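Residue numbering for the sequence shown follows our numbering, beginning at 4 and increasing consecutively.
We put the beta carbon where it would ideally sit given N, CA and C, even for glycine.
Computed from a predicted model, the values in this text were never measured in an experiment.
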Amino acid sequence: MKKPIYTQPGAVCPTWQSSLKALLFLPLATLIWVGGLSAQCTSIACKQNVTVSLKDDCKGAVNSFFLLANPYACGGPTTIEYYDPNGNYIGDTLNASHLGMTLDAHLTHLWTGLSCTGSVKVVDGRSPEIDCENISLKCTEDYSPAALGGATATDNCSAVVSLTHEDEIIDLGCGMQGFQGYFEPSNWTVQTTNGDGGVDVTGAPDSVLVEGANASPFKVTPRYITRFKIVMPSEGYIRFDWRSFGGSNFNEDAFYVTINGVCIQLSFNDVQSGSWESWLLQPGDVLSFEQASDGNNDMVRTMISNFQFLTTAQKIIHRTWSATDEWGNTRTRLQVITLERATLADVFMPPNYDDLQLPALTCGANTHPDITGWPFLDEDQDPTTTADQFAIQNGDCTFSLTYEDQSVPTCEGSELLLREWTILNDCTGEILNEVQIIKLFDTTPPTLTCPPDWTVGTDSPECGVTVSFPPASATDDCAPSVDVLPKAGFGTGFGNFEDVPPGVYPILYTASDPCGNASSCTAILTVEDHHPPTVVCDGFTVASLTTDGTALVFADAIDDGSYDLCCLAGFDVKRKGLPDDAYAPFIEVDCGEVGTSFMVHMRATDCAGNSAICETEVKVEDQQAPALLAPADVT
């Protein structure tokens, strides 16, 4: 198959080269001015109100050709001097200070000495210059002038009084398929020679038909051309199928595609259909489908179908800046802002709440993505900087997003949430699946309140008591049930515990939730001996006086087997009828009570202060023999 013919950029398609050759042979008289002879210059006259437009350096002067009323009659060198309305000499050069003024212009013809005075009106004929650059952004970025910075405008002579802009937004989506959207036929320009030929767009958006001229005088060179043209909105590629039919000479009545002067002939006598894809085009490039013809009714038509514009751009903003100076001169300039489509490689996932990336959440926490995070796009690819992060569903990026939660059972009151994100690139069909781990774990111990300290007493002669522990109050933020277990030195649980001897016992209460979190508190149990000793007295006690005539009756001498199963502290005694403060370890008797008897109370006291009394009789006897003292020997 014959390859398409490419010409170098800037070259002219061979089919219509000859049409330009004619431009090179215009009569010389139309290109230059020929002045008259000085011998013919007998008088001169100057025009009034000749406009003088200042140059880029804001300086200028009127050309004598335009100031003279008869320039062809008076050729040759001249001088021009300018005067203000008051007759003051200005010089031979005008500048910004003269803008808007009407000045006298005195012209002198140097060869003849003739002179005349006309007038000039000084104007700023140049519009401001606008400086702005085409910009490519990510689809998430702010393209407002406040974010990007506006254009700058300067003027050669005066101040710029206004700088405004208007935006035209072109949504390219996933690229353009067919002659629709930006590429719909109404946005193309149709050009024909002498109005013959045309473009049939009734097949759009699927196809268009470019038709050569068929009702014009026969002409081989230059040929008639039908053009179907459009300006490319952004960087990208075009691809299309084509088929030429009708006619008989596909070499000369050829189908071309031209891009900025690069001309590619696609059809030949042996090649009448095919597919074509461009190189990378830039915004502002001009694409033209062109059908050549010789004008007779044996015309060639070319059907263009399956047209595609392949681009990474999501949206194009055509921002037209307009600057006006103080003299009303206005200039416009187009700035092209391209919003590039994002890819799945640009997507960052929200963090895991797994105690590794971020701490786990507490039970019952809100797990909505507004709280735990959405997948996002990051302009600088650095997730630690958050000012440039955007949700992927922000309207300018072509992603579809869904998620599904799976709850994995753990301990009661806690949950392991596996959130599976599915992100679809609407343009490529690529899918990204990622799982986000969200732990909702109970890490807080229950709230536990111990019962108040309490005391129990023994209720039998045996030294011990049966005890049970009162309940504690326990609640948990996550689990409905909490296990509470008390523990003492003599046992674990709530009881009953038998034969607990008197003493002070710390009771440790521990509350545990189903996730193993525990808290504890301590209550104090006091077991007291509330039962008095068992007291036994001798039935009768004899107090025998000693040699000094006295005797001590000790309380334990009266005891006849008193006991306490816990702890017996001791005994004391008193005469019956005396107050309790008369109890003492012993009772003293003397000779005055010999032969008498009296009743006594013996008191037995245990270690807890409990006491019991028994009564017995004490008889005082003198069982000592009299002491005989013989008189001294007598001699």
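Residue i versus residue j: straight-line alpha-carbon distance, rounded
i, j, result
"V637", "K577", "52 Å"
"I133", "S118", "43 Å"
"G249", "M306", "11 Å"
"R344", "T105", "57 Å"
"S476", "T452", "5 Å"
"R226", "V202", "17 Å"
"I510", "F500", "13 Å"
"W324", "P131", "11 Å"
"N52", "L113", "23 Å"
"D480", "I426", "36 Å"
"N300", "G181", "29 Å"
"F472", "V459", "11 Å"
"A560", "C540", "9 Å"
"P188", "T335", "26 Å"
"A368", "T413", "16 Å"
"I319", "Y185", "10 Å"
"V94", "N159", "A small correction: the amino acid at residue 94 is Gly; Val does not occupy that position in the sequence shown. Using only the alpha carbons, I get a separation of about 21 Å."
"T431", "A348", "13 Å"
"T389", "D381", "8 Å"
"G506", "A526", "14 Å"
"E531", "T553", "42 Å"
"F351", "S139", "22 Å"
"R129", "V164", "14 Å"
"I267", "A257", "10 Å"
"T45", "V65", "22 Å"
"G39", "P74", "Only weak support exists for where G39 lies, its pLDDT of 42 falling under 50; the value from the coordinates is given anyway. Near 7 Å, if we compare the C-alpha coordinates of P74 and G39."
According to DSSP, residues forming a beta bridge with residue i
i, result
"T327", "S165 and T333"
"Y508", "L528"
"G63", "L97"
"Y406", "W424"
"C49", "L71"
"S56", "V126"
"M104", "None, per the DSSP bridge assignment."
"Y85", "G94 and A108"
"A477", "L451"
"D170", "R322"
"T513", "L488 and S523"
"F310", "Bridge partners of F310: none, in fact."
Whether residue i touches residue j by CB criterion (8 Å)
i, j, result
"G277", "L283", "no"
"P353", "Q439", "yes"
"P489", "Y508", "no"
"P536", "D609", "yes"
"G492", "V470", "no"
"W330", "S161", "yes"
"E238", "Q285", "yes"
"K222", "G116", "no"
"S247", "V303", "yes"
"F379", "Q392", "yes"
"S291", "F243", "no"
"P588", "A558", "yes"
"Q627", "T550", "yes"
"E407", "E423", "yes"
Residue i in three-state terms, based on DSSP
i, result
"S22", "Confidence at S22 is low in this model, with a pLDDT of 36, below 50, so the placement of that residue should be treated as unreliable; the coordinate-derived value is given next. Reduced to three states, the DSSP call for S22 is helix."
"F69", "helix"
"N436", "strand"
"L632", "coil"
"D486", "strand"
"C677", "As shown, the chain starts at 4 and ends at 638. That puts residue 677 outside it, with no answer to give."
"G573", "strand"
"G460", "strand"
"P494", "A small fix is needed here, since residue 494 is Gly in this sequence, not Pro. Note: G494 maps to strand in three-state DSSP."
"P412", "strand"
"G201", "strand"
"A348", "helix"
"S189", "helix"
"A521", "strand"
"T375", "helix"
"D385", "coil"
"A363", "coil"
"G611", "According to the sequence as given, residue 611 is Ala; it is not Gly. Three-state result, A611: coil."
"D662", "With the chain represented from 4 up to 638, any question about residue 662 goes unanswered, as that position is not in the structure."
**Request:** Starting from the N-terminal side, write out each stretch of the beta strand (DSSP E) that is 3 residues or longer and does not extend beyond the segment 527-563.
**Result:** For the segment 527-563, the full-length beta strand (DSSP E) segments reaching 3 residues or more read 543-547 and 553-557 along the chain.
**Message:** Quick check on the DSSP output: what are the complete beta strand (DSSP E) runs of length 3 or more inside the segment 220-305, in order along the chain?
**Reply:** As far as the segment 220-305 is concerned, its whole beta strand (DSSP E) runs of at least 3 residues are 227-234, 240-248, 258-262, 265-268, 276-280 and 289-296.
**Request:** Ignoring anything shorter than 4 residues or poking outside the segment 116-163, list the alpha helix (DSSP H) runs there in chain order.
**Result:** Entirely contained in the segment 116-163, the alpha helix (DSSP H) runs reaching 4 residues are, in chain order, 148-151.
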